[in-house]
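Take a look at the structure below.
Protein chains: 6
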Amino acid sequence: MKDLIDKAEILIEALPYIRRFTGKTVVIKYGGSAMSDATLRASFALDVVLLKSIGLRPVIVHGGGPQIGATLERLGKSSTFVDGLRVTDDETMEVVEMVLGGKVNREIVDLIQQRDGRAVGLTGCDGGMIRVTQRLVADRDLGRVGRIVAVDPSPIIAVTEGGFVPVIAPIGVDDAGVTHNVNADEAAGAIARALRAEKLILITDVEGVKDRGRRLVPRLSAEEAHKLIDEGTIRDGMIPKVECCIAALESGVGSAHIIDGRILHSILLEVFTDGGVGTLLSC
Amino acid sequence: MKDLIDKAEILIEALPYIRRFTGKTVVIKYGGSAMSDATLRASFALDVVLLKSIGLRPVIVHGGGPQIGATLERLGKSSTFVDGLRVTDDETMEVVEMVLGGKVNREIVDLIQQRDGRAVGLTGCDGGMIRVTQRLVADRDLGRVGRIVAVDPSPIIAVTEGGFVPVIAPIGVDDAGVTHNVNADEAAGAIARALRAEKLILITDVEGVKDRGRRLVPRLSAEEAHKLIDEGTIRDGMIPKVECCIAALESGVGSAHIIDGRILHSILLEVFTDGGVGTLLSC
Amino acid sequence: MKDLIDKAEILIEALPYIRRFTGKTVVIKYGGSAMSDATLRASFALDVVLLKSIGLRPVIVHGGGPQIGATLERLGKSSTFVDGLRVTDDETMEVVEMVLGGKVNREIVDLIQQRDGRAVGLTGCDGGMIRVTQRLVADRDLGRVGRIVAVDPSPIIAVTEGGFVPVIAPIGVDDAGVTHNVNADEAAGAIARALRAEKLILITDVEGVKDRGRRLVPRLSAEEAHKLIDEGTIRDGMIPKVECCIAALESGVGSAHIIDGRILHSILLEVFTDGGVGTLLSC
Amino acid sequence: MKDLIDKAEILIEALPYIRRFTGKTVVIKYGGSAMSDATLRASFALDVVLLKSIGLRPVIVHGGGPQIGATLERLGKSSTFVDGLRVTDDETMEVVEMVLGGKVNREIVDLIQQRDGRAVGLTGCDGGMIRVTQRLVADRDLGRVGRIVAVDPSPIIAVTEGGFVPVIAPIGVDDAGVTHNVNADEAAGAIARALRAEKLILITDVEGVKDRGRRLVPRLSAEEAHKLIDEGTIRDGMIPKVECCIAALESGVGSAHIIDGRILHSILLEVFTDGGVGTLLSC
Amino acid sequence: MKDLIDKAEILIEALPYIRRFTGKTVVIKYGGSAMSDATLRASFALDVVLLKSIGLRPVIVHGGGPQIGATLERLGKSSTFVDGLRVTDDETMEVVEMVLGGKVNREIVDLIQQRDGRAVGLTGCDGGMIRVTQRLVADRDLGRVGRIVAVDPSPIIAVTEGGFVPVIAPIGVDDAGVTHNVNADEAAGAIARALRAEKLILITDVEGVKDRGRRLVPRLSAEEAHKLIDEGTIRDGMIPKVECCIAALESGVGSAHIIDGRILHSILLEVFTDGGVGTLLSC
Amino acid sequence: MKDLIDKAEILIEALPYIRRFTGKTVVIKYGGSAMSDATLRASFALDVVLLKSIGLRPVIVHGGGPQIGATLERLGKSSTFVDGLRVTDDETMEVVEMVLGGKVNREIVDLIQQRDGRAVGLTGCDGGMIRVTQRLVADRDLGRVGRIVAVDPSPIIAVTEGGFVPVIAPIGVDDAGVTHNVNADEAAGAIARALRAEKLILITDVEGVKDRGRRLVPRLSAEEAHKLIDEGTIRDGMIPKVECCIAALESGVGSAHIIDGRILHSILLEVFTDGGVGTLLSC
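Protein chains in written order, with the numbering used here: chain D, 18 to 300; chain A, 18 to 300; chain L, 18 to 300; chain G, 18 to 300; chain H, 18 to 300; chain Y, 18 to 300.
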């Protein structure tokens with residue numbers, strides 16, 4: 018009987034979210050342990066398929082740094098990094114495209130399809146979706162590393178209207194049609210903005226944003242986030258993620274989530290429960 | 018953490034039902050304790066509003082015997098019953114109509130609206146919805162007690178298309194336009210059939226159908242049900258309920274449920290969990 | 018031959034009105050002799066069915082004072098009136114609801130359906146249609162007597178779109194969900210305004226508005242009506258009716274009619290002939 | 018008061034016809050006195066405009082024998098007739114086309130437009146509408162006189178969908194694209210069949226079909242009509258008209274009317290009153 | 018092989034025009050040699066049918082001066098001309114209507130239909146399309162010669178929507194419904210403006226607009242055209258044609274073309290090749 | 018002038034094809050010189066963009082054998098071939114996927130987009146589009162080489178509906194979700210069948226099908242093709258291409274073309290001229 022009451026309570030908690038999010042777009046940056054661990058991969062795929070099945074519109078943007086590194090190594094080619102960005106010459110870029118577009122992307126499509134979802138892989142070159150200029154870091158030329166200047170969401174919309182989950186590799190093109198490597202978090206944020214998504218979810222390998230006392234902050238306004246960055250509480254790799262979330266909120270995305278991808282079904286829990294499993298940023 | 022896993026599991030259990038039932042019609046016979054107890058009333062209303070909010074189409078059919086009895090008594094008028102059916106002369110029928118259509122029906126509409134649902138009350142006379150002939154029991158004339166011969170679902174559809182939950186009082190009209198009292202279970206079944214509903218749910222004051230050992234039978238085929246009636250395991254007041262369910266199944270209703278209205282949120286639990294809270298009859 | 022010329026002339030007079038009013042909404046306040054006399058009742062029902070059949074959208078709002086009084090009397094409960102308004106305690110309100118919603122409303126639905134029309138009964142509580150606050154008269158508390166503050170026409174539209182004639186009992190709800198008795202003329206006027214109706218027709222037991230010489234005024238502007246009220250030519254019970262019409266005109270209702278319900282087919286004659294049978298108010 | 022009752026009765030008689038015929042097509046063969054007399058012309062035009070205004074779809078097919086004769090005479094060209102059909106050489110046909118298509122047709126368009134209708138003139142050549150073969154009478158070659166073999170109603174439908182009354186001159190084309198003169202009654206009948214019209218109305222200069230005692234027959238079945246022809250009661254010029262009506266009925270036209278065009282507003286009276294002003298043929 | 022390259026180049030030249038003009042309206046003034054010479058007539062008809070077949074919307078406006086003259090002569094009636102305009106009394110107008118509407122128009126319809134096109138003939142009176150006032154030249158009354166004041170394109174649109182090529186005779190009506198003769202170039206220009214056509218094409222018997230050195234000017238802006246008129250390089254009969262084009266451009270017509278109708282397939286060449294066969298005027 | 022006549026003739030030849038093929042699907046197998054030569058690549062891309070721009074629906078299926086070979090070589094991995102099929106172990110398949118999906122496919126997308134087309138790259142895994150079983154040759158296990166058993170065209174349709182040209186890499190999945198290499202001609206044929214395409218075009222490095230005298234056969238029926246295979250006139254690598262065409266025709270594809278990709282604009286010439294540039298097979 019206690020069991021029934023618990024079940025009923027969880028349903029009563031979840032149903033209003035379902036009502037609210039039906040037909041809405043959720044852009045999910047997929048990476049880290051959730052992508053490397055087999056159990057977490059299966060959990061991710063099931064979450065995506067369930068979201069889709071009840072009428073939400075998940076859009077997946079993935080990274081693939083480790084896989085790119087492994088292939089480069091196999092080809093006997095080493096990489097230099099500047100500020101965490103891989104210096105990308107033409108030969109490296111060819112490998113990036115082959116690994117992201119031809120391997121990682123397709124594997125995620127398969128993963129979703131093995132759980133009876135239907136997915137279509139895209140890269141940011143398809144339909145000229147992700148438009149970039151070359152990114153310079155302290156005036157240093159990193160080669161084919163791009164900064165996103167615009168996103169044309171029409172290929173994503175076409176695929177979504179067809180009933181599929183779009184899975185997107187973070188590659189962009191410049192005005193001359195030259196492809197560039199782009200950061201996956203940044204790509205997810207820009208796509209969420211272009212789609213006026215309801216949610217942007219960044220799957221990470223940390224619990225979420227922490228306060229000074231290293232305690233998880235479950236909810237955060239853009240303003241508070243700015244303050245935590247300024248005072249140094251949010252630092253290092255978390256800064257670009259939080260900034261990406263803030264930019265999304267400012268462009269009309271309903272909410273942004275930095276969640277712990279090491280928890281099973283973290284997406285479902287974040288979307289359909291009051292507590293969630295990470296940090297929710299909203300205006 | 019255990020809590021999160023539980024939540025995720027319940028969601029994973031529930032979401033496929035949501036997917037499956039979106040846009041589907043669920044006809045609910047409302048009565049008994051669920052109608053007389055304030056806590057259960059609130060639980061019922063919330064369940065109905067949640068179903069509606071996530072895209073199902075609940076249709077409520079209610080009884081009102083106790084309220085009719087109370088008003089008749091207040092007017093100093095006594096009733097005779099034959100086989101559980103109230104002998105209904107013209108004066109009694111006028112009271113039946115006033116109590117069911119003018120009081121009970123409106124109170125259920127209010128109950129749903131107080132939980133932010135939107136409901137519209139109807140009687141089976143509206144649009145000539147419930148068409149009846151006089152019911153005779155062993156050739157005895159019970160007055161204006163009707164047997165349903167046809168249901169025109171168009172008024173229910175109009176109200177549902179408008180975004181409202183229809184709440185229906187079990188009154189029917191014969192070919193001459195004379196109103197008759199009809200049994201609420203029978204009305205719910207006939208309406209479910211006319212709407213080709215996905216589900217017919219009868220809310221009762223018992224746990225469900227029991228087997229010989231008085232243990233609850235969670236699932237039952239039409240065939241098995243016939244057998245349990247024949248062998249006398251299903252008996253008395255449960256017989257017409259089960260027969261009403263079987264008739265619905267035979268006319269294309271997806272499943273029929275006899276559930277325990279004394280459990281909080283019994284509707285949600287029956288619709289969205291594998292176990293449910295009563296007996297599910299299907300073909 | 019003379020007969021044919023007459024017929025042709027009446028058709029030539031009527032057809033342009035038919036063209037003009039097709040698809041338009043006509044809100045009719047039904048009451049008085051037209052409701053108590055059997056021949057007039059049949060004439061009213063036929064008029065409504067004919068209007069509907071050629072593509073107009075009649076909406077009926079009814080009163081029921083005499084029937085409420087009779088039932089209260091039968092229950093041994095007397096009423097006090099202040100300025101023509103029945104002081105309405107909870108017990109009285111229960112009777113009002115039962116009589117208006119459970120008896121009078123249903124009888125009008127039947128009346129229309131007996132002439133092959135299709136009607137659906139509603140009260141102002143359905144879908145929260147008629148929203149009220151308590152009406153105070155000279156600061157005196159009359160109990161559950163409401164002043165209309167808003168009308169949500171969506172339940173009426175749902176029923177009309179479904180092909181039915183809505184028949185509406187003048188009951189309203191306040192913000193707390195408590196029901197109140199409202200004046201039927203006022204309800205008809207507020208509904209006409211919410212629907213941006215083409216016409217508001219008040220069926221009365223007088224010929225129409227009279228001038229100083231007690232001659233019927235066939236046409237009247239809002240301005241002239243104000244003047245006749247100011248100078249005392251329009252007085253007593255006619256004042257609220259005329260004011261209700263003026264308010265409707267000011268909110269975009271095309272025209273308002275105060276007609277003589279004692280004339281057979283008064284609605285048809287008012288709508289489809291140049292002369293009409295009462296007073297037409299327009300801007 | 019008597020006047021009001023009369024008006025109401027005529028409306029009650031007419032409204033069901035309006036309901037029944039809304040959106041329906043009525044093909045009218047226009048000719049005779051109704052075309053030559055100024056008062057009757059005005060009456061005809063008003064009837065057509067009123068039919069159109071309340072949602073019927075009138076289609077006019079006209080003759081023009083007298084006008085053709087007058088122009089030929091003016092050009093000093095005489096005609097021979099065989100069985101009432103004008104022997105039509107190329108020069109005559111050129112005159113037929115100019116008079117029917119360039120003069121008579123345009124005058125009818127103007128006539129309708131002067132009463133605020135909107136009309137478009139067509140000939141049977143437009144869009145290859147009326148397809149003919151040469152008509153032979155007792156093996157005699159009458160020149161360019163056609164027998165209708167098919168009607169493609171799409172130009173009529175295009176014009177009607179645009180909101181116009183089509184006015185059609187009875188000219189047809191054969192497979193080689195050569196134009197031919199066709200009988201206007203026959204053209205009206207064939208067009209009514211191709212449009213599956215509700216009604217075919219032939220405006221004549223007689224009262225209608227007469228029985229043996231020379232009394233008007235208000236209603237006639239196809240079978241009875243055949244009998245009256247066989248027994249010689251229907252004879253001469255009335256035979257092809259009646260046969261044209263029968264053929265229309267057999268192809269699914271709802272009813273066919275032979276009416277007296279000398280009566281003012283004969284079309285309105287035939288369409289909207291029980292009695293009508295001629296003979297109604299139906300299956 | 019050379020042949021294949023040529024073909025490919027012509028296709029590559031033509032396809033972008035096809036893409037650009039699909040669904041667009043092209044108003045063509047038809048007259049001169051293209052109307053009198055049998056080979057050119059066939060070429061014209063094929064061009065129109067091909068334009069229509071690939072999704073453009075050709076609209077034909079024709080003249081007929083020579084044919085009117087011939088018929089008037091045959092009737093022994095002479096004409097006076099003032100500034101190139103035929104003084105038009107009632108009797109002359111009757112002939113104009115019969116010849117333009119009953120003969121020339123129908124022949125063009127046939128011409129198009131013989132090449133498997135589908136055409137419908139209209140005059141400017143149909144649906145009150147071309148509205149005129151009387152044209153006065155130096156205060157002289159020329160009788161029924163009209164100046165166009167407005168064009169209602171709805172009859173053209175109805176015919177085009179139905180899949181037909183509209184063929185329009187240049188006759189207009191004044192407010193009193195009196196028909197007038199109008200200039201065909203002027204009618205084509207006014208119709209192009211009313212339809213917001215993509216192109217206005219005037220088929221002439223000259224090469225196009227010439228410069229001072231009598232060389233063909235392939236492209237001309239409205240401004241340059243004004244200058245050429247002012248300096249006297251464009252003169253006589255070319256002035257009204259160029260002014261008609263300029264007026265069209267100023268009302269939103271995309272481009273106006275004065276082309277040489279003596280060249281086979283001049284319409285196709287002008288529409289689908291870069292060079293064209295006359296003078297293109299654009300803003 | 019001769020030039021104008023030539024142009025007109027080519028247009029008159031081409032326009033009916035444009036009419037006929039608008040909205041129709043053309044599946045093009047792209048490979049060979051047309052893919053390796055820069056001028057031919059540009060010509061291909063322009064043809065595809067022009068087809069799309071005038072309303073056809075081109076679908077591109079590409080091969081990539083040489084590029085796969087080059088990458089394998091670079092990785093120091095050699096391949097064995099059986100009957101022209103590459104024996105494909107898991108490591109080879111990973112390279113196939115990366116090269117086809119991540120490099121060749123994306124380059125074709127870019128090629129089209131550089132000519133202002135809009136393309137989206139897909140593989141046969143997307144949406145489970147190309148379903149395969151393992152292909153055995155003489156019972157020899159070639160590893161992950163697939164035989165197509167079904168094509169689900171919905172991802173192609175989604176992309177086409179979105180306004181993009183789909184570019185498809187020939188990779189398939191089996192029931193267990195394992196990817197396989199498939200032959201590009203076979204993939205193009207199966208996709209054409211699933212889409213009920215109007216045309217299947219195989220771009221080759223030969224002139225087309227030759228007869229015994231080694232002369233090009235411009236048109237061939239399925240029956241004649243079978244005969245030429247049986248008698249050994251069609252042999253070697255041409256046999257599977259012709260069989261692929263025949264299978265397409267038998268499944269309702271309108272026509273199949275084996276064309277010479279070494280000719281500039283071979284696609285345009287084949288689609289829009291009577292002669293074409295290869296062999297057309299039809300039923």
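Think of the CB as a built atom: it goes at the ideal place given N, C-alpha and C, for glycine as much as any other residue.
CB contact flag (residue i, residue j, <8 Å)
i                        : j                         : result
glycine 80 of chain D    : proline 172 of chain D    : no
isoleucine 45 of chain L : proline 75 of chain L     : yes
glycine 119 of chain L   : methionine 146 of chain A : no
valine 166 of chain A    : arginine 148 of chain A   : yes
leucine 233 of chain H   : leucine 266 of chain H    : no
glycine 40 of chain H    : glycine 72 of chain H     : yes
leucine 343 of chain A   : alanine 205 of chain A    : The question about residue 343 of chain A has no answer here: the residues shown for chain A are numbered 18 through 300.
6 Å Cβ shell around residue i - same chain, five flanking residues per side excluded
i                            : result
glycine 280 of chain G       : The sequence shown places isoleucine at residue 280 of chain G, rather than the glycine named in the question. For isoleucine 280 of chain G, where only same-chain residues beyond five positions count, the Cβ hits under 6 Å are Val294.
phenylalanine 289 of chain Y : Ala31 and Tyr34
threonine 88 of chain H      : Val112 and Val116
leucine 68 of chain A        : Pro75
Distance between beta carbons of residue j and residue i, contact taken as under 8 Å
i                         : j                        : result
valine 199 of chain G     : glycine 141 of chain G   : 7 Å
isoleucine 275 of chain A : threonine 296 of chain A : 5 Å
glycine 134 of chain G    : valine 65 of chain G     : 6 Å
Beta-bridge partners of residue i, as assigned by DSSP
i                        : result
serine 238 of chain A    : A:Ser299
glutamine 151 of chain H : H:Gly163
alanine 175 of chain Y   : Answer by DSSP bridge pairing: none, since alanine 175 of chain Y is not bridged.
Cα-Cα separation between residue i and residue j, rounded to whole angstroms
i                        : j                         : result
arginine 58 of chain D   : lysine 258 of chain A     : 47 Å
isoleucine 35 of chain D : isoleucine 29 of chain A  : 13 Å
serine 37 of chain Y     : methionine 255 of chain G : Going by the sequence as given, residue 37 of chain Y is arginine instead of serine. The straight-line gap from Cα to Cα measures roughly 51 Å.
glutamate 108 of chain H : aspartate 192 of chain G  : 36 Å
Own chain, CB closer than 8 Å to residue i, minus 5 neighbours either side, in chain order
i                        : result
threonine 177 of chain G : Thr42, Arg74, Val76 and Pro183
glycine 228 of chain G   : A small correction: the amino acid at residue 228 of chain G is aspartate; glycine does not occupy that position in the sequence shown. Only Val234, Leu245 and Thr250 meet the Cβ criterion.
valine 137 of chain G    : Val126, Val176, Gly179, Phe181, Val182, Pro183 and Val184
Nonlocal neighbours in the same chain, by C-beta distance under 7 Å from residue i, ignoring five residues either side
i                      : result
glycine 48 of chain H  : His79, Gly80, Ala201 and Ile220
alanine 214 of chain Y : Thr42, Val43, Val44 and Val270
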